[in-house]
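Please read the structure below before turning to the comments.
Numbering (our numbering), first residue to last: 2 to 257.
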């Protein structure tokens with residue numbers, strides 16, 4: 002660039018992109034904007050990078066254009082460079098919004114959104130201390146190691162007697178949104194001894210419900226019977242929070 006008036010340049014780029022969209026050349030418009038976003042990033046114009054990249058992604062979501070591997074890799078690169086460069090501020094919030102848009106776009110290819118985009122959205126959510134959002138993104142990402150890190154940090158903010166319920170709620174969400182294999186991986190990674198006689202009841206329930214769904218893969222009737230029995234036997238635990246009962250009912254309806 003011959004001068005540093007990046008904002009004026011961005012307006013020209015966006016105007017040209019808009020013309021391309023009207024001419025049904027949306028792919029060219031997206032490529033043009035992404036190239037400019039990269040120039041902004043190289044010149045530490047972080048807010049403009051995010052703003053323009055968001056415009057490109059919006060074009061992708063509203064037009065009949067599937068997200069390509071090239072665009073996903075570009076967005077992941079943007080995230081890692083931006084996340085390491087900007088502080089927790091309005092720019093970080095804007096980055097999070099960009100990732101949510103990108104996930105929406107990726108649903109044209111991936112039913113629940115690209116797992117890699119969910120992973121970086123989870124990391125961004127954690128940076129913003131949005132633990133619940135980070136939890137769900139990382140479940141979709143299938144990165145149980147990173148999910149465990151988030152839940153452990155979240156648990157630190159709660160009284161000790163509430164901490165086992167973090168394990169239970171997260172396990173139920175994994176069973177609802179993903180697989181029993183990932184749920185078992187998560188439960189095993191939590192700092193509770195599953196073989197101890199004093200294992201907290203919510204953790205016991207997490208493990209047993211997970212095992213019942215694993216059983217259902219080879220013996221659906223037995224798995225369903227075990228699931229119902231475990232849910233009944235631990236009904237007082239589930240009554241601690243109406244959301245827990247709702248999640249169990251949702252899992253039962255979807256998995257059996």
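Where is the CB? At the ideal position from N, CA and C, for every residue including glycine.
| query | With respect to the alpha helix (DSSP H) encompassing residue 34, which residues constitute its N-terminal and C-terminal limits? | reply | Segment 27 to 43, the alpha helix (DSSP H) holding residue 34.
| To which residues of the same chain is residue 245 closer than 7 Å at the C-beta, ignoring the five residues directly before and after it? | The residues are 169, 170, 173, 239.
| Three-way DSSP call (helix, strand, coil) for residue 89 in this model | Correct three-state label for residue 89: coil.
| Which residues bound the alpha helix (DSSP H) around residue 131? | Per DSSP, residue 131 belongs to no alpha helix (DSSP H) and is neither H nor E.
| alpha helix (DSSP H) containing residue 314: first to last residue? | This structure cannot settle anything about residue 314, because the visible part of the chain is limited to 2 through 257.
| field | Residue from 176, 243, 248 whose Cα sits closest to the Cα of residue 293 | value | In the structure displayed, the chain extends from 2 to 257; residue 293 sits before or after that span and is not available.
| said: What would DSSP say about residue 252, mapped onto helix, strand or coil? | reply: Note: residue 252 maps to helix in three-state DSSP.
| message | Using only CA atoms, which one of 111, 43, 61, 67 lies nearest to residue 99? | response | Across the set 111, 43, 61, 67, the C-alpha of 61 shows the shortest separation from the C-alpha of residue 99.
| Within 10 angstroms of its Cβ, does residue 31 collect 16 or more other Cβ (buried), or is it exposed? | By the C-beta density criterion, residue 31 is buried, having at least 16 other C-beta atoms within 10 angstroms.
| For chain C, is any of its Cβ atoms less than 8 Å away from the one on residue 136? | Checking the listed chains, one finds no chain C in this structure; it contains a single protein chain.
| query | For residue 230, does the three-state DSSP call read helix, strand or coil? | reply | Helix at residue 230.
| query | What whole-angstrom Cβ distance do residue 217 and residue 256 have, given they're in contact under 8 Å? | reply | Correct: roughly 7 Å between the Cβ atoms.
| message | Can you find the residues in the same chain that come closer than 8 Å, C-beta to C-beta, to residue 12, ignoring five residues on each side of it along the sequence? | response | Result list for residue 12: empty, nothing under 8 Å.
| query | Can the beta-carbon of residue 102 be found less than 8 Å from the beta-carbon of residue 58? | reply | Using a Cβ distance threshold of 8 Å, residue 102 and residue 58 count as a contacting pair.
| Coil, strand or helix - residue 245 by DSSP | Note: residue 245 maps to helix in three-state DSSP.
| said: For residue 127, which residues in the same chain have their Cβ closer than 7 Å to its Cβ, ignoring the five residues on either side in sequence? | reply: The residues are 135, 151.
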